[in-house]
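*Asks:* In this note's numbering, the protein residues as written are 43 to 366.
Got a structure for you, questions after.
Right under this line is the structure:
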C-alpha cells in the first residue's frame, strides 16, 4: 500500500472554518464483506477494528448534549457488522435524530443479516447505498464478481418493504463512483439513466443518485501511485476546482468520528490520520466536547480537498451544485 499523505500535505487549498455542526458521521469499524477497488477506507473482511459499546455510549451522550445535531451518518466498512449497530440506531431514533446507513447492499444477503432490511425499515433509517454503475460488468469489476446480482436482489427487497415508494417516508439513495481517475459525470442526467435502466430491467426504484469523486487516498490513491497516475489525477482535480463549491463542502457542517471515538473534520481526513486541531492534545475525543465547542474552528485542509471542490463538487450527499 502506497501512502499518499506525503504527496498531499503541501497544499494551497483555501482556508476553511466550520459552521454549526449539523451532522455527526460515525465510522463503526473497518470490517466489511467486500474489498472494493475505490474504497478510501481500505475496508475488507480481514479488518478487525470495531467501535466498542463504551464509545457507542459516548456517541449517544454527544447527541443528547448537542441538540442541533439532527443527523447521525453511520459508515464503515459495513457499519451493520458492528455488534452494537442496532442499539445505536434505536437510541438515536428515540431522540428524533435522522439516521443514515451507508449500506453496500450485499450485506443484506449475508448469513445472519436476514432481518436487517426489515429492521432498517421499521426504524425509518435512510439508506445511502453503493451502486457504482447500473451495468453488471462495471459493478463486478469494481466490487467483485456477483456483487451486481446481490445488489439488485437487495434493492428489490428494500422496494418491497416500502423504500423509495410514494408516501412511505423510507428514503433510498444510490451512490455512483467513477471507475478510474476521472471526475463523475453530471449527476442529474446520470440519475435519469440509472432510474430508466433499473426500472425497465429489474423493476427497481430509488429516490436520488449521489455522484462522488474518488479520493486520492488509501486503496484508490495507492492504485494511482502504482499506475503512475497520481500526479495527473491531482492536476485534474486542481484544474477543475471551483471557489463557489467552498460554501457547501461537507466539512463546514459535519464532524467525523473514528472507531475509537476521535474527531476529524471529515472521513477523508480520518483515513489520512489528520485529526481535528486542538491546542491542548494531539487528538480530541468525542467525550471531551459538544457540537457547540466545535463551531467556528479551523478545518484541516490538504490537496485531497480539491476532490470535493472539483467540477460539480462532491460530498457525502452527492454533487454540491445539485444541492445548491
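Where a beta carbon is used, it is the ideal one built from N, C-alpha and C, also for glycine.
(1) Along the chain, where does the alpha helix (DSSP H) containing residue 378 start, and where does it finish?
(2) Quick one: give me the first and last residue of the beta strand (DSSP E) that residue 171 is part of.
(3) Between which two residues does the beta strand (DSSP E) containing residue 252 stretch?
(4) If you check the beta carbons only, do residue 297 and residue 254 fall under 8 Å apart?
(5) Closest to residue 307 by C-alpha separation, out of 177, 153, 267, 338, would be which residue?
(6) Strictly by DSSP, which residues pair up with residue 283?
(7) Closest to residue 114 by CA distance: which of 45, 63, 348, 73 is it?
(8) Please name the residue, chosen from 201, 192, 178, that lies closest to residue 162 on a Cα-to-Cα basis.
(9) Kindly list the residues whose CB is nearer than 6 Å to the CB of residue 102, restricted to its own chain and excluding five residues on each side of it in sequence; keep chain order.
(10) Output the distance between the C-alpha atoms of residue 300 and residue 312, rounded to the nearest integer angstrom.
(11) Assuming residue 132 is part of the alpha helix (DSSP H), what are its boundary residues?
(12) When the Cα atoms are used, what is the spatial distance from residue 323 to residue 211?
(13) Can you check which of these residues, 361, 128, 67, is closest to residue 225 by C-alpha distance?
(14) Following the continuous beta strand (DSSP E) through residue 149, name the residue where it begins and the one where it ends.
(15) Let's see if you can read the secondary structure: which residues bound the alpha helix (DSSP H) around residue 236?
*Replies:* From the atom records:
(1) There is no way to answer for residue 378, as the model of the chain reaches only from 43 to 366.
(2) Start and end: 168 to 172.
(3) Per DSSP, residue 252 belongs to the beta strand (DSSP E) from 251 to 253.
(4) No, these two residues do not count as a Cβ contact at 8 Å.
(5) Residue 307 has its Cα closest to that of 338, out of 177, 153, 267, 338.
(6) BP columns for residue 283 point to 352.
(7) The option with the nearest alpha carbon to residue 114 is 63.
(8) Per the Cα distances, 201.
(9) Excluding residues within five positions, the ones whose Cβ falls inside 6 Å are 133.
(10) Approximately 7 Å, taken between the alpha carbons.
(11) From DSSP, the alpha helix (DSSP H) with residue 132 extends over 127 to 136.
(12) Roughly 43 Å between the two C-alpha positions.
(13) By alpha-carbon distance to residue 225, the top candidate from 361, 128, 67 is 361.
(14) No beta strand (DSSP E) holds residue 149; DSSP gives it neither H nor E.
(15) For residue 236, the enclosing alpha helix (DSSP H) begins and ends at 229 to 244.
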